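S.K.: Before anything else, here's the structure in question.
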Amino acid sequence: QLETTETMLLGIYECKVPEIKENYWTCVQLFVLLGFNEAAIDLLGRHSAWTRWQNKDTSVRAQFEILESLMTILQKAPRLAGSTTAPLGAKVFTNVNEYNLYKSKWSLACRQLEQNDFLWQECSQSSEMTAKGAKAILQGLLGQEDTLKGCTRTWTELLCAQLLHRYPSIDSLSELSSLAEYCIENSSKDFEVIINILLAILNDNVQEA
């Protein structure tokens, strides 16, 4: 049985060093992959490196720089229009070409941070968990398949992550059906009857189910 996010978050908000909690990075990664960037930013803002940096602890410089860059990247993440409740300041596009143009520049910023080996090495020396957790977030934002599979728990979460970070412009039921089948094959097989009904609907063949 899957833990709810409320259960996963227990203790994190009360902890002075939340990033050492087992569920901290799991929650941040899951929030990002499912598109809840504001919730992820809130959790990142509770990382102890912020307070330590303000208190002149230079050993967390790399952690601070990575967290600061990651929060900026999340705040500027592009979205295709489809929701009237997009976060304040979010980059929302109605035109797919404009979205793709902006996303290519935004993805470049993600890759530049991901490929800053010196910064990640310094971060690992002060907090290996932070280096590993933050890099996984970047890899998820860049749509890296292994990260999407590894940081999601069910086929529905994987499908959501795929639609957000790999195939945001899917616009046909046949494409959605193929992607759903792929996610089902690569995730938990719970609720098989519901899965079969959903796939039948997507394939426009309800009677067969």
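Residue numbers for the sequence shown follow my numbering, beginning at 4 and rising by one.
All C-beta atoms, glycine included, are put in the ideal place defined by N, C-alpha and C.
Computed from a predicted structure; not experimentally measured.
Taking Cβ positions, are L141 and E117 nearer each other than 7 angstroms?
M.R.: In the sequence shown, counting from the first residue as 1, residue 141 sits at position 138. In the sequence shown, counting from the first residue as 1, residue 117 sits at position 114. Their beta carbons are under 7 angstroms apart, which means L141 touches E117 by this criterion.
S.K.: Using three-state DSSP, classify P81 as helix, strand or coil.
M.R.: Position 78 of the sequence shown, counting from 1, holds the residue named residue 81. The answer is strand: DSSP assigns P81 an E or B state.
S.K.: Can you tell me whether DSSP reads V95 as helix, strand or coil?
M.R.: Start at 1 with the first residue of the sequence shown, and residue 95 comes out as number 92. Strand at V95.
S.K.: Taking three-plus beta-carbon pairs below 8 angstroms as touching, is the stretch 27-45 in contact with the stretch 58-67?
M.R.: No, the stretch 27-45 is not in contact with the stretch 58-67.
S.K.: By how many angstroms is the C-alpha of L176 removed from the C-alpha of I23?
M.R.: Position 20 of the sequence shown holds residue 23. Position 173 of the sequence shown holds residue 176. In a straight line, the C-alpha of I23 is about 42 angstroms away from that of L176.
S.K.: Run through DSSP, which three-state label would S18 get?
M.R.: The sequence position of residue 18 within the sequence shown is 15, counting from 1. Here residue 18 is Cys; the residue named in the question, Ser, does not match the sequence. Correct three-state label for C18: coil.
S.K.: Please report the distance separating the alpha-carbon of R114 from that of E17.
M.R.: Translated into positions along the sequence shown, residue 114 becomes position 111. Translated into positions along the sequence shown, residue 17 becomes position 14. Looking at the two C-alpha atoms, the distance is approximately 33 angstroms.
S.K.: What did DSSP end up calling E68 once you bin it into helix, strand or coil?
M.R.: The count along the sequence shown starts at 1 and reaches residue 68 at position 65. If DSSP states are grouped into helix, strand and coil, E68 belongs with the helices.
S.K.: Just the C-alpha distance for I76 and A42, rounded to the nearest angstrom, thanks.
M.R.: Taking the first residue of the sequence shown as position 1, residue 76 is located at position 73. Taking the first residue of the sequence shown as position 1, residue 42 is located at position 39. Answer to the nearest angstrom: the Cα atoms are 14 angstroms apart.
S.K.: Sort P171, D174, K152 and C186 by Cα distance to T29 and report the nearest one.
M.R.: Reading the sequence shown from its first residue, position 26 is the one you call residue 29. Ranking P171, D174, K152 and C186 by Cα distance to T29 puts K152 first.
S.K.: Determine, using beta carbons only, whether S181 and V99 come nearer to each other than 7 angstroms.
M.R.: What you label residue 181 is simply residue 178 of the sequence shown in a count that begins at 1. What you label residue 99 is simply residue 96 of the sequence shown in a count that begins at 1. No, the Cβ-Cβ distance between S181 and V99 is not below 7 angstroms.
S.K.: S107: buried (16+ other C-beta within 10 angstroms of its C-beta) or exposed?
M.R.: The residue labelled residue 107 in the question sits at position 104 within the sequence shown. With fewer than 16 Cβ atoms within 10 Å of its Cβ, S107 is classed as exposed.
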